[in-house]
Every structure is written in structure tokens, then in C-alpha cells.
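In the working numbering, the protein residues as written are 528 to 789.
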């Protein structure tokens with residue numbers, strides 16, 4: 528049951544052209560950058576990516592976009608990636624925009640074997656009524672209308688589950704059996720993406736032996752994970768900051784902090 532792959536290149540070696548990928552991360556937090564870099568180096572193209580966003584220019588999934596390896600994206604947010612927006616508006620990329628909570632639940636449903644569910648999110652908008660551009664151009668492709676049903680006097684829209692050929696995720700700790708622990712904000716879309724993939728590949732910052740993880744601390748059980756890639760110390764420390772902000776702390780702020788600490 529040892530699921531360890533000793534290189535990212537070997538772990539992604541069977542991801543072929545046209546594959547669908549669920550990819551963890553939110554912005555640049557919890558993004559499986561080493562696996563993405565290995566996939567970029569492999570030259571795989573025609574990918575359908577399912578992720579909250581598609582990285583930023585020059586980082587994360589943004590590197591695959593810039594290399595024209597992605598043909599379709601299912602996600603919630605475009606704004607931080609200028610190349611993503613450019614390709615979408617130029618009709619070069621198909622995009623399915625999904626409300627963020629709905630995307631999370633569609634991934635979770637796929638992992639749980641639930642084919643579809645009803646949600647009030649998106650009712651009364653183009654999400655439910657159709658007409659969102661999936662591809663721009665002279666003959667644009669628009670999203671279809673979805674089934675609406677009344678529950679308790681409120682309209683709900685039918686959303687289908689998402690499953691993918693592969694999933695790429697990043698965890699803080701993992702054991703050889705694939706049990707994973709995520710750190711803070713990295714526990715965002717990573718567990719859900721991992722559940723949706725038929726073959727899930729996890730890069731882990733710290734690899735431990737079976738039994739070292741407290742069962743109550745495991746965020747994702749190994750049944751959902753097929754391959755584990757231990758990162759080098761340099762790879763584990765490579766965590767980009769999407770927006771760095773600093774401010775001057777005046778004497779009033781310092782005094783407030785001393786009061787709180789006391």
C-alpha cells in the first residue's frame with residue numbers, strides 16, 4: 528500500500544492530452560506547484576482544469592495557461608490572471624463560471640458519489656437561466672438553462688457533480704498510505720479536489736510513516752489518494768505570496784496590542 532512516488536515527473540507521467548484535472552488551491556495558497564511544473568515540463572496539452580481560479584500570471588496554473596496547454600476551465604474567479612482573462616475574452620479558451628460554494632459542493636458531491644443536487648445559489652441569474660458566455664467569438668457558446676424546482680416555497684437550481692480523470696493537491700503532511708493533513712488556508716479546495724479525482728496525486732511538504740499521524744487530525748483519508756510525492760525542503764518552502772501588504776504600527780496600535788496581550 529506504499530503510495531510514494533519519488534519524483535513529480537513519474538507521478539504525472541500518465542496524464543495524457545485531453546485529460547481533466549481537479550486542482551487544489553485558492554489564489555496561491557495550497558497550490559500544488561511542483562506537480563504543475565512537472566506537468567508543464569511533460570508537455571501535456573488540451574487539458575480541462577477544474578479549480579477555484581487558474582493561478583496568476585507566471586505562477587501555478589497560470590504557467591499552463593501561458594503555454595497554451597489548457598483548453599477549458601471550470602472555476603469561480605478570473606480577475607487576478609490577465610492572460611486568463613485575455614484568452615477567455617479573445618475566444619481562445621472555454622470557461623464555465625460557477626459560484627464558489629457551488630463549485631466546492633460539486634467537487635464534494637463527485638467524491639461522495641452524489642450525481643447532482645439542488646441549491647438556491649444562482650437562482651434568478653444567468654447561472655440558472657443560461658446565457659453566460661462559455662466561449663466568445665463570432666458564434667459564441669453560451670451556457671444552457673438549468674432545471675429549477677421549488678423546495679419549501681423557494682426555487683432551487685439543479686447542479687451536477689464533478690469528477691475528473693486526475694486531481695493534483697498539496698498537503699502539509701502525509702503518510703505513505705496517502706492520509707493527508709492540510710495547513711490553515713491550504714485546507715480550502717484541496718480536500719474537495721482530491722475527492723473528485725479518479726487518480727489523485729498529492730505533493731506533501733513532510734512525509735511521515737504510517738501511524739505517525741493522529742487519526743483525529745487527518746483531513747483527508749488515504750482512500751482518496753493514489754500517489755504521494757514528498758517535496759524537497761526547497762520545494763516545501765516555495766510558497767508565493769499573492770499580495771504582500773505592510774503598514775506602519777504607531778504607538779496607539781502598539782498600546783492596544785499590549786492591552787490585548789495582557
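The beta carbon of each residue, even a glycine, is placed where N, CA and C say it ideally should be.
Same chain only: Cβ atoms within 6 angstroms of residue i, ignoring 5 sequence neighbours per side
i: residue 536; result: 565
i: residue 696; result: 551, 559, 717, 720, 721, 729
i: residue 702; result: 735, 737, 740
i: residue 612; result: 605
Cβ pair residue i, residue j closer than 8 angstroms
i: residue 655; j: residue 675; result: yes
i: residue 721; j: residue 551; result: yes
i: residue 694; j: residue 549; result: yes
i: residue 706; j: residue 749; result: yes
i: residue 756; j: residue 547; result: no
Length of the line joining the Cα atoms of residue i and residue j
i: residue 586; j: residue 714; result: 19 angstroms
i: residue 646; j: residue 626; result: 11 angstroms
i: residue 608; j: residue 740; result: 37 angstroms
i: residue 635; j: residue 723; result: 7 angstroms
i: residue 683; j: residue 673; result: 10 angstroms
i: residue 538; j: residue 754; result: 7 angstroms
i: residue 599; j: residue 591; result: 12 angstroms
i: residue 661; j: residue 731; result: 34 angstroms
i: residue 641; j: residue 575; result: 21 angstroms
i: residue 709; j: residue 603; result: 22 angstroms
i: residue 577; j: residue 601; result: 5 angstroms
i: residue 504; j: residue 605; result: Missing from the structure shown is residue 504; the chain here goes from 528 to 789 and no further.
i: residue 764; j: residue 681; result: 48 angstroms
i: residue 771; j: residue 582; result: 16 angstroms
i: residue 659; j: residue 567; result: 30 angstroms
i: residue 648; j: residue 678; result: 13 angstroms
i: residue 653; j: residue 616; result: 18 angstroms
8 angstroms contact criterion, which residue i and residue j should meet: CB distance rounded
i: residue 728; j: residue 562; result: 6 angstroms
i: residue 725; j: residue 691; result: 7 angstroms
i: residue 556; j: residue 698; result: Residue 556 to residue 698, Cβ: 13 angstroms. No contact.
i: residue 630; j: residue 579; result: 7 angstroms
Where residue i falls: helix, strand or coil (DSSP)
i: residue 676; result: strand
i: residue 580; result: strand
i: residue 787; result: Confidence in residue 787 is poor, its pLDDT being 46 and thus under 50, which makes the residue's placement unreliable; the coordinate value appears in the next sentence. Looking at residue 787 - three-state DSSP - the assignment turns out to be helix.
i: residue 602; result: strand
i: residue 616; result: helix
i: residue 549; result: strand
i: residue 699; result: strand
i: residue 743; result: helix
i: residue 594; result: coil
i: residue 624; result: strand
i: residue 661; result: strand
Residues near residue i in its chain [Cβ-Cβ closer than 7 angstroms; skip 5 each side]
i: residue 671; result: 657
i: residue 767; result: 555, 586
i: residue 573; result: 544, 545, 598
i: residue 787; result: The predicted model places residue 787 with a pLDDT of 46, which falls under 50 and marks its position as unreliable; any figure quoted below should be read in that light. Cβ neighbours of residue 787 beyond the five flanking positions: none.
Cut-off 8 angstroms between Cβ atoms - residues of its own chain near residue i, not counting five sequence neighbours on either side
i: residue 569; result: 536, 539, 540, 542
i: residue 632; result: 644, 646, 686
Check: residue i C-beta below 7 angstroms from any heavy atom of the ligand MG
i: residue 618; result: The model on display carries no ligand, and the ligand MG is accordingly not part of it.
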